[in-house]
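Here's the structure we're looking at; comments come further down.
In UniProt numbering, the protein residues as written are 1 to 291.
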């Protein structure tokens, strides 16, 4: 009988032997014809893709994808699969959301095995719920595979814990797609101390975000990080303070996350991935060069 230890023996413990024949088998999910799988691709590192996501991705005969899905993940799709880019990004051709909805319905009604894959998690600022509502109205079967949202993945790879008993007892995720003339954000809540604020898609609004946070009580000296292409080999981390946020944003490109909170300072000792990190002293140098 083949046996393995279930855990490393510790003081006062007795190792338990388990037969290899008793190990549970991993069930493989199935994607049926006429069905849509809404999949979260995670923040970029292909090894953060879930097993279920990979199984369904390799069964699809049509994949609709966004720009935020990394090339390494798209390389996992079989060569015979039809690929349709429906991404939205500044400076690139954008497919209207209505067209994306239409394509999902048409491919499914034609009997295809359809995967709709989105960066991060499809239910976190990803319009995943909106697309599923269209499918539900059309009577199309679907399933959802969550992904690691960018706020969790990018901060982990930057050495920034979202919560910490000494610095942050909560974390808030918000979108930076804000309109100053119709802003209904609760800035007093967002500016509270002892929490981590993560802002998706906020580079273009960095001046406004900075002014609102300071106006509502957040210190201009609170640590801030911008994480560009988080978890990917090209990841870049800019670090400074809320006072330097607009200057930092000028040196960052999308996709990027803005992280505000004392936990950012922990990257000094917890940073582990990559070497392309710009520190506060370098931000000051950039400012002096522009002056």
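Glycine included, each C-beta is placed from N, C-alpha and C at the ideal position.
With burial defined as no fewer than 16 other Cβ atoms inside 10 Å of the residue's Cβ, what is the status of residue i: buried or exposed?
i	result
residue 38	buried
residue 24	exposed
residue 212	buried
residue 111	exposed
residue 116	buried
residue 30	exposed
residue 166	exposed
residue 121	buried
residue 155	buried
Could you check the C-alpha separation between residue i and residue j for me, to the nearest Å?
i	j	result
residue 251	residue 86	27 Å
residue 132	residue 169	33 Å
residue 62	residue 101	14 Å
residue 70	residue 164	30 Å
residue 315	residue 60	In the structure as shown, the chain starts at 1 and stops at 291, and residue 315 therefore has no counterpart that could be examined.
residue 40	residue 54	10 Å
residue 139	residue 221	53 Å
residue 32	residue 203	40 Å
residue 118	residue 210	29 Å
residue 262	residue 190	14 Å
residue 247	residue 214	16 Å
residue 237	residue 68	18 Å
residue 257	residue 136	32 Å
residue 158	residue 109	43 Å
residue 193	residue 201	22 Å
residue 105	residue 125	22 Å
residue 264	residue 73	29 Å
residue 107	residue 45	28 Å
residue 196	residue 56	34 Å
residue 4	residue 146	Confidence in residue 4 is poor, its pLDDT being 47 and thus under 50, which makes the residue's placement too unreliable to answer from.
Can you tell me whether residue i is helix, strand or coil according to DSSP?
i	result
residue 39	strand
residue 70	coil
residue 173	strand
residue 155	helix
residue 249	helix
residue 100	helix
residue 80	coil
residue 50	coil
Using a Cβ distance threshold of 8 Å, determine whether the stretch 230 to 245 contacts the stretch 165 to 175, with at least three qualifying pairs required. no
What runs of the beta strand (DSSP E), each 3 residues or longer, lie entirely inside the stretch 111 to 153? 114 to 118 and 141 to 145
Only counting runs of 3 or more residues, tell me where the beta strand (DSSP E) segments fall wholly within the stretch 212 to 243, in order along the chain. Within the stretch 212 to 243, the complete beta strand (DSSP E) runs of at least 3 residues are 223 to 228 and 236 to 241.
Any contact between the stretch 250 to 268 and the stretch 182 to 189? By contact I mean 3 or more CB pairs, one from each, below 8 Å. no
Counting pairs of beta carbons, one from the stretch 232 to 246 and one from the stretch 144 to 151, are three or more of them closer than 8 Å? Because the criterion of three Cβ pairs below 8 Å is not met, the stretch 232 to 246 and the stretch 144 to 151 do not touch.
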